[in-house]
Amino acid sequence: MVQATARHLLVSSEEKCEALKQEILGGADFADVAKANSSCPSSAQGGDLGSFGPGMMVKEFDAVVFHAPLNEVQGPVKTQFGYHLLEVTSRG
2 MVQATARHLL VSSEEKCEAL KQEILGGADF ADVAKANSSC PSSAQGGDLG SFGPGMMVKE
62 FDAVVFHAPL NEVQGPVKTQ FGYHLLEVTS RG
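Using our numbering, read the sequence shown as starting at 2 and increasing by one per residue.
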């Protein structure tokens, strides 16, 4: 089964998510932005979600994580939890 590793951050609004994406694209470190802003417990690890396979995360994650280019910030991605930025760090 294909496995991926990814990191993400979670915020409550699309506007905040887009603003954070611009910070990261402007050179801010993804992990630092996640630690400072994400409401997910993974923020303590800079948003690192570890390794997982298809179906282990919500379907909106799978749609991005198993198709997006590696090491590129994706999002905002809306889920039942809020708005996410995702970065796939490996897949194989």
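Backbone N, C-alpha and C define an ideal beta-carbon position, used for all residues, glycine too.
(1) On the three-state DSSP scale, how would you describe V59?
(2) Extract the residue ranges of the alpha helix (DSSP H) inside the segment 14 to 61, only unbroken runs of 4 or more that lie entirely within it.
(3) Just to confirm, are A5 and V59 a CB contact at a threshold of 7 Å?
(4) Report yes if the C-beta distance between G83 and S13 is below 7 Å; otherwise report no.
(5) Pull up the distance between the alpha-carbon of R92 and that of V66, whole angstroms please.
Reading it off the structure:
(1) coil
(2) 15 to 26 and 31 to 38
(3) no
(4) yes
(5) 8 Å
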